[in-house]
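Here's the structure, in structure tokens; my notes come after.
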Amino acid sequence: MHELYNWEPLFTRQISDTNLLKQITVWKDIIIEFCSDENKFVITPSEDINSYPFTNTTIDRSLTNSELLFFLDEIVKLGHGIWANEDAKARFLVLVNTVEEYAELLYKWIESTGQLGSVLTVWELTDEGDTAIGTDFEGLERPVIDAVLNILVRQGKCAIIPGDTAEDDGVKFQ
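Going letter by letter, the sequence shown gives residues 1 to 174 in my numbering.
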């Protein structure tokens with residue numbers, strides 16, 4: 001648990017810019033630690049608002065829904081989260097690494113396993129395929145892997161080959 005988790009002001013959005021920046025960083029750290037410990041990388045704000053870590057029963061404090069959404073939006077800006085549905089803000093995907101870091105990890109793995117020039121399906125690059133087992137990108141949800149692949153496409157390191165379904169989309173690494 002983060003050393004500031006039982007500090008009552010953590011659960012109220014701070015007014016001072018300096019304190020607010022620190023508070024955003026603390027919430028990012030708390031959320032990433034919680035998700036890593038629980039192996040739970042999806043936050044559903046409407047369901048999770050009344051549970052740990054957003055409610056602290058020890059000090060009888062909770063974030064409000066608007067505060068939680070604010071902190072999650074800030075975590076997106078820091079690169080450690082993606083809204084699975086930006087408009088509704090109903091599912092938040094927590095990222096231990098930034099999308100850029102995942103792109104680098106994926107490409108290094110492709111290089112180290114001799115798969116440059118190969119075509120892999122998106123399915124193989126997620127937890128559904130045996131290929132990804134034990135990798136840092138195992139289990140990434142589709143919006144995250146799409147963002148990772150878009151970075152690699154922009155860098156000229158891969159090309160997307162559309163398949164019959166989204167999971168059948170191919171990725172040729174170069």
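Glycine is no exception: its CB is placed at the ideal position from the N, C-alpha and C atoms.
Open item on the list: Within a Cβ cutoff of 8 Å, which residues of the same chain sit near Ser36, ignoring the five residues on either side of it in sequence?
Closed with: Val96
Task: beta strand (DSSP E) segment containing Leu72, residue limits - done: From DSSP, Leu72 is part of no beta strand (DSSP E) but of the alpha helix (DSSP H) over 65-77.
TODO: List the residues that DSSP assigns as beta-bridge partners of Arg61.
DONE: Asn56
TODO: Please classify Gly81: is it buried, with 16 or more other beta-carbons within 10 angstroms of its beta-carbon, or exposed?
DONE: buried
Task: Sequence-distant residues of its chain with Cβ nearer than 6 Å to Phe71 (five each side left out) - done: Trp27
- [ ] Could you tell me whether the region 157-174 touches the region 111-124, using the rule of 3 or more Cβ pairs below 8 Å?
- [x] yes
- [ ] Between the Cα of Ala88 and those of Val144, Arg13, Pro45, Lys157, spot the shortest distance and give me the residue it belongs to.
- [x] Pro45
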